[in-house]
Amino acid sequence: MTKSRLLSLLGGAITLCALIDTPAAAKDTVKIAFIGPLSGGNSAPGLGGRNSATLAVQQRNADPAAKYTYELVTFDDECKPNVGIQVATKAASDNSIVAGVTHYCSAVGIATVDTYARFGLPVVVWGAILPEITYGNDFKEIHRVNGTMINEGKLAAEFLTKQGYKKFVVIHDTTDYGKGQNKYFAEYLKPTGNEVIATFPVSPDQQDFTAELTKIKELKPDLILVGGLTPLGVRLRSQMDRVGVTAQLAGVSGIMTAGFLEGTGAAGEGTVSFHNGAPISKYPQGQAFIDAYAKAGFREDPDAYGPFAYSAASLVIDAIEKVGPDRKKVKAVLNTTKGHKALVGEINFDGHRQNIVNANVYVAQDGKWVYWPDSDYAAGKKKLAKN
Amino acid sequence: MDLGILAQQIFNGLMLGVIYAMIAVGFSLFFGVLDIIKFSHGDVVTVGAFSGLGAVGLAGGLVVFSPALALAAGLAAAVAMGSLAGILIGRLLVMPLRHAPAVNVLLATLMAGTVLRETIRLGVPNGGNPKPFPALLPSGTIATGSFSVGIDSVMILCAGLSLVFATHLLITRTRLGLSIRAVAQDGEIARLSGIDFQRVVLGTFALGSALAAFAGCMLGLYYREINFSMGVLLGIIGFASAVIGGLGSLLGPIIGGFLFAGVQTLVVVLLPFSSAYKDVVAFAAIIVLIGFFPTGLIAERRSERV
C-alpha cells in the first residue's frame with residue numbers, strides 16, 4: 523500500500539468516526555436555573571428540591587429522544603428576600619439561562635416576581651405558597667405548580683375544628699408568609715364559629731419564646747398554630763415543654779420538613795401539618811420517582827416539596843423540547859399548560875398561571891410525616907393533645 | 002394575673018437576664034482595663050457554642066461518655082476556645098492599637114467578629130444551617146400549680162448566677178483581681194509597681210471571653226439549637242446592657258442585663274400583639290435611660306473600676 527493511499531484510508535476512517543459521533547455531540551446545551559434555600563434553617567427542603575430538579579434533568583439527558591442537553595444552574599437564595607433578588611437578577615440577566623425553577627420561601631418568591639417579569643425570564647415556582655406570587659400580579663412569566671396557603675389555611679380551619687378544637691392561638695412570623703397564614707386561617711375559621719383568642723407576631727429569627735408561651739399558657743388555648751417555617755416551629759415546639767404548655771401544635775407546610783422532625787425529636791410527635799401535595803407514593807409515577815431518586819444517590823431526602831421541584835423542572839424541559847430554547851416561546855407554552863401529566867398529577871394553570879391542587883393533612887408519627895388517613899391517629903390508636 | 006404565671010414570667014426574665022449579664026460583664030471588663038469596646042464579643046459567644054457542640058460530638062464519637070462527662074468536655078472546650086479567641090484578639094488587634102483612636106479598635110474588633118462568624122459558617126460542615134444542641138442536662142420539670150420549669154433551666158440559671166458571682170469574687174478577692182483593678186485604675190502606676198501589664202490585660206480578655214463562651218454553651222443547652230449568627234444580636238444586647246448599667250463597673254452590666262431582659266418580657270406580658278417589637282421597645286427604653294443616666298446606672302465616678 524502506498525503512503526498516500528494509507529493516509530487517505532486513515533483520513534476516511536477519522537471522518538467516519540466523526541460522523542458516527544455527531545448526533546450525540548451536536549446536541550445544544552440549554553441552561554435552566556434552580557433557585558432555593560441551599561443553606562440556612564430551610565435548607566432541608568431547598569436541597570431536596572434541588573436534588574429532585576437535578577434528577578429531572580439527569581433523566582432527560584439520558585433520554586436519546588431529547589433534543590437538547592440540559593444543565594441545571596443552581597443558586598442559593600438563603601430564604602432571604604435580599605439574597606433572592608440578587609440571585610434572581612443574576613439568573614435572569616444571564617441570557618444563556620432559558621427558564622427557572624424557583625423558590626421555596628414565600629417572602630423570597632414574592633420579592634423576585636418583578637425581577638423575572640422585567641428580564642422576561644419564565645419561571646415555575648416549586649414551593650412558595652403565598653397566594654400573591656401568582657394572584658397578586660399579572661406577570662405572564664410567573665407560574666406555580668404547587669398550591670397556595672389559601673388551600674392549606676382553609677383545610678387547617680376545617681380539619682382542626684372537626685377534631686374538636688375550639689380555642690386557637692396563632693404565632694406567626696412578620697414576613698408576608700407568616701402574615702398570610704394568619705390571615706387565611708383566621709378568615710376560614712370564622713364560619714366555623716370558633717375563634718383565634720390571641721395572635722403573636724414574632725420576628726422570624728427570634729430565639730426566645732418563653733415569654734410568649736407563658737402568656738399562651740395563661741390563655742389556655744386548645745391549639746397553637748405556627749405561621750412560620752421550620753426554625754420557628756422547632757424553637758416553639760422545644761420551648762413549649764420547657765414552659766409546660768400542653769396545647770396541640772399545628773402548622774401548614776412550612777414546618778412539614780425533615781428538619782422539623784430532626785430538630786424537635788420525640789417532642790415533635792403528634793404535630794399536625796397541612797400540605798398541598800399528596801404523599802409521593804399515592805401518585806401514579808410516585809414509586810418510579812422514589813426508586814430513581816434512591817438510585818441517583820443523593821445525600822438528602824426529596825423532602826415535602828421535592829416532587830413539585832421535579833414536576834416544575836420537567837414542565838420547563840417539556841416546554842423547551844416543544845419550542846426550543848427561546849424565553850418568549852417557552853413562556854407562551856407554559857402559559858397555556860392544561861392537562862400536563864406530571865409527577866404531582868395533572869397540571870392545569872388557571873388565568874393566573876396557578877395550578878389547581880387540593881391540600882392534605884399529615885401528622886408527625888414515629889419520626890416521620892404520615893398521611894393522616896394512614897396514621898395511627900386517624901385509626902384511634904394514638905390521640906392528639908387535648909387540653 | 003395568676004401567681005404561678007407571674008412567677009414563670011419572672012423566671013423567663015431571669016434566664017434571659019443571666020445570659021445577657023454574662024455577655025455584658027465581658028464588655029465591662031475590657032472597657033475597665035483598656036477603655037476599649039471589643040465588638041467581636043458576641044461572636045465569641047458563638048465560638049463557645051460551636052466549640053462546645055464539637056467537643057460533645059467528638060467525645061461521643063470516640064468514647065461512650067456519660068452526659069455529665071460529655072457536658073464537662075463541651076464546657077471545657079468552649080471556655081478554652083473562647084479564652085483563646087479573646088487572647089488572640091487582645092494580643093493581635095487591641096494591644097497594638099491601644100494608643101490609636103478608640104474607633105480604630107472598635108472597627109478592628111467588629112471585623113474580627115465577622116471573620117469569626119464567617120469562619121464558623123464556612124468551616125463547620127453545613128455551617129449555615131442551625132445545629133441541634135444535645136440535651137445533656139437532666140430532663141424533667143418542676144411544676145407547682147401553673148408554674149412549671151425544666152430542671153435543666155434551673156441548673157442553667159444557677160450556673161450562670163454562680164459564674165457571675167465567682168467573677169465578682171475573682172475581681173475583688175484574688176491577686177489577679179487586684180492586678181486587674183490596679184491596671185484599670187492606672188496602667189502606668191500599675192506597671193511601676195511591678196505588675197505585668199500585658200499579662201493582666203490578656204488575662205482579662207481571656208476571662209471576659211471565657212464567660213461569653215460559657216454563655217454560648219448555656220444558650221445551646223437552653224434552646225437546644227445554635228446557629229452561626231446567634232452572636233450578632235446578643236453582642237449588641239450585651240453591649241447595651243453594659244452601657245446602661247455602667248461600663249467599667251462589674252455590678253452595672255449585671256443590672257443592665259436583667260433590666261433589658263425585664264423590659265423584653267414585660268412587653269410580651271402587657272402587649273402580646275406587639276411581641277415582634279420587644280427588641281425595639283427594649284432598645285428604645287435603653288435610649289431613654291441613657292438620656293437620664295449618661296454614664297450608666299452605676300456611674301463610674303461612684304464605683305471602683307474593675
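Chains as they are written, first to last, in the working numbering: chain A, 523 to 909; chain B, 2 to 307.
Quick reminder that beta carbons are idealized off the backbone N, C-alpha and C, glycines included.
Residues within the region 795-813 of chain A neighbouring chain B, beta-carbon criterion of under 8 angstroms: Residues: none.
Nearest-angstrom Cβ-Cβ length linking V645(A) and I664(A), presumed shorter than 8 angstroms: A Cβ-Cβ separation of about 6 angstroms places V645(A) in contact with I664(A) under the 8 angstroms criterion.
Assigned exposure category for A818(A) - 16 Cβ within 10 Å defines buried: Per the 10 Å Cβ criterion, exposed.
Coarse secondary structure for L538(A), derived from DSSP in three states: Residue placement at L538(A) cannot be trusted, given a pLDDT of 49 that sits under 50; the coordinates are not used to answer.
For H625(A) and V595(A), believed in contact at Cβ under 8 angstroms, the rounded distance: Not quite, the Cβ-Cβ distance comes to about 15 angstroms (not below 8 angstroms), so this is no contact.
9 angstroms Cβ cutoff met for S628(A) and I651(A): Result yes, Cβ atoms of S628(A) and I651(A) sit closer than 9 angstroms.
Residues of the region 2-15 of chain B whose Cβ lies closer than 8 angstroms to any Cβ of chain A, in chain order: In summary, the residues of the region 2-15 of chain B whose CB is separated from some CB of chain A by less than 8 angstroms are M2, D3, I6, Q9, Q10, N13, G14, in the order they occur in the chain.
Strand pairing of V883(A), partner residues [DSSP]: Answer is F796(A), bridged to V883(A).
Unbroken alpha helix (DSSP H) run spanning L177(B), endpoints: Here the alpha helix (DSSP H) through L177(B) covers 176-186.
Beta bridge counterpart(s) of P723(A) as assigned by DSSP: Partner(s): H694(A).
Contact belief for I38(B) with F28(B) at Cβ below 8 angstroms, rounded distance in angstroms: The C-beta distance from I38(B) to F28(B) rounds to 7 angstroms, short enough to fall under 8 angstroms.
9 angstroms Cβ cutoff, F722(A) in contact with chain B: True, the Cβ-Cβ gap to chain B drops below 9 angstroms.
E717(A) classed as buried or exposed, judged by whether at least 16 other C-beta atoms fall within 10 angstroms: Under this definition E717(A) is an exposed residue.
Collapsed DSSP secondary structure at N564(A) in the structure displayed: The three-state reading of DSSP puts N564(A) in coil, since its state is none of H, G, I, E or B.
Integer Cβ distance of N573(A) from E784(A), believed to fall under 8 angstroms: N573(A) to E784(A), Cβ: 17 angstroms. No contact.
Neighbourhood of K676(A) by C-beta distance below 6 angstroms, restricted to the same chain and skipping five residues each side: The answer, listed in chain order, is Y710.
Closer than 9 angstroms to chain B by CB, R582(A): At a cut-off of 9 angstroms, the C-beta of R582(A) has no neighbouring C-beta in chain B.
Chain A contact residues for N130(B), given Cβ-Cβ distances below 7 angstroms: Those within 7 angstroms of N130(B) in chain A are S561, G562, G563, S565.
G785(A): contacting residues in chain B (beta-carbon distance under 7 angstroms): What G785(A) touches in chain B: P133, E226.
Proximity winner among A185(B), L89(B), M219(B), relative to V73(B) (alpha-carbon distances): The sequence given here has Ala at residue 73(B), not Val. Selected option, being the one with the closest Cα: M219(B).
Interface residues of the region 141-155 of chain B facing chain A [CB-CB below 9 angstroms]: From the region 141-155 of chain B, only T142, A144, S147, F148, S149, V150, G151, D153, S154 have a Cβ closer than 9 angstroms to chain A.
Delimiting residues of the alpha helix (DSSP H) encompassing L741(A): Its alpha helix (DSSP H) spans residues 732-741.
S29(B) at chain A interface by Cβ criterion, 9 angstroms: No, S29(B) lies away from the interface with chain A (no Cβ there is under 9 angstroms from its Cβ).
Selection from G562(A), Y638(A), K863(A) that minimises the alpha carbon distance to S615(A): Per the C-alpha coordinates, the member of G562(A), Y638(A), K863(A) positioned closest to S615(A) is Y638(A).
9 angstroms Cβ cutoff, T544(A) in contact with chain B: With a pLDDT of only 48 at T544(A), under 50, the local geometry of the prediction cannot be trusted, and no value is derived from it.
Cβ neighbours of A720(A) in the same chain (closer than 6 angstroms, five flanking residues each side left out): In chain order, V691, L741 place their CB closer than 6 angstroms to the CB of A720(A), counting only its own chain and leaving out the 5 sequence neighbours on each side.
Among F641(A), H797(A), D744(A), nearest to K688(A) - alpha-carbon criterion: Selection F641(A), H797(A), D744(A) evaluated against K688(A) yields D744(A) as nearest (Cα-Cα).
V281(B), enclosing alpha helix (DSSP H) - first and last residue: V281(B) -> alpha helix (DSSP H) spans 279-293.
Coil, strand or helix - P504(A) by DSSP: As shown, chain A starts at 523 and ends at 909. That puts residue 504(A) outside it, with no answer to give.
C-alpha gap between N704(A) and G236(B), whole angstroms: Rounded to the nearest angstrom, the two C-alpha atoms are 32 angstroms apart.
Contacts around L222(B), its chain only, beta-carbon distance under 7 angstroms, and the 5 residues preceding and following it disregarded: Apart from sequence neighbours up to five positions away, the residues of its chain that approach L222(B) with a beta-carbon distance below 7 angstroms are F134, L137, L138, D153, I157, ordered along the chain.
Supposed contact pair E593(A) and K549(A) - C-beta distance, whole angstroms, cut 8 angstroms: With a beta-carbon spacing of about 11 angstroms, K549(A) and E593(A) fall beyond the 8 angstroms limit used to define contacts.
Heavy atom of the ligand MG within 8 angstroms of A300(B) beta-carbon: Here there are no bound small molecules, and the ligand MG is not part of this structure.
Extent of the continuous beta strand (DSSP E) to which D598(A) belongs: Unbroken beta strand (DSSP E) run through D598(A): 591-598.
Cβ shell of P545(A) (< 6 angstroms), same chain only, five flanking positions each side left out: At P545(A), the pLDDT of 49 sits below 50, so the modelled position is not reliable; the number obtained from the coordinates is stated separately. The beta carbon of P545(A) is closer than 6 angstroms to none in its chain, skipping five residues each way along the sequence.
Unbroken alpha helix (DSSP H) run spanning G297(B), endpoints: No alpha helix (DSSP H) holds G297(B); DSSP gives it neither H nor E.
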